[in-house]
């Protein structure tokens, strides 16, 4: 049963179960590539593409947790449309935009190197996805009635 159908049918228990089931499945599904990148990217990139690609392996390791967070949370974002709560997406987008501008400014003004800059961007996006996940769970728990 898809989320919108459960909401229309006022089956809150099924809608909530489906939401958290999708979150859990995406989290489990994403663990394999996350762990693979974290364990092997530093070694695999230069092995496959040559030593000039060593930095790419490190970059992949830096952004892997960010992409994992996106994989888990992004499919759930449609819940806001179904529950007519798009204002929460605006809050998330505003936070991430302001935070990324701040990171760019800090990195530029302090002369941070590429790896530090990429690390900061990754951390900001991970925090953003945690906030977004919390907002999504809040909306789902508040706007979907039990029963």
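In our numbering, the protein residues as written are 833 to 979. Glycine included, C-beta positions come from ideal geometry on N, C-alpha and C. Keep in mind the model is a prediction, meaning the values are calculated, not measured.
Residue burial classification, residue i (beta-carbon count within 10 angstroms, cutoff 16)
i	result
residue 868	exposed
residue 832	There is no way to answer for residue 832, as the model of the chain reaches only from 833 to 979.
residue 926	exposed
Given residue i as reference, the closest of the options once Cα atoms are compared
i	options	result
residue 960	906, 877, 879 and 853	906
residue 919	866, 858, 964 and 856	964
residue 953	935, 875 and 967	935
residue 924	847, 967 and 887	967
Beta-carbon separation (whole angstroms), residue i vs residue j, contact threshold 8 angstroms
i	j	result
residue 894	residue 853	That pair is no contact at about 30 angstroms.
residue 929	residue 971	In fact, because the Cβ distance is near 20 angstroms, the residues do not count as touching under 8 angstroms.
residue 956	residue 931	5 angstroms
residue 958	residue 847	In fact, because the Cβ distance is near 27 angstroms, the residues do not count as touching under 8 angstroms.
residue 876	residue 889	6 angstroms
Alpha carbon of residue i to alpha carbon of residue j, nearest angstrom
i	j	result
residue 933	residue 945	16 angstroms
residue 884	residue 878	7 angstroms
residue 943	residue 866	30 angstroms
residue 969	residue 882	44 angstroms
residue 849	residue 834	11 angstroms
Below-7 angstroms beta-carbon distance, residue i vs any chain B residue
i	result
residue 962	Structure shown: chain B not included; a single protein chain is present.
Is there contact between the stretch 884-901 and the stretch 857-875, where contact requires at least three CB pairs shorter than 8 angstroms? Yes, since at least three Cβ pairs between the stretch 884-901 and the stretch 857-875 fall closer than 8 angstroms, the two stretches touch.
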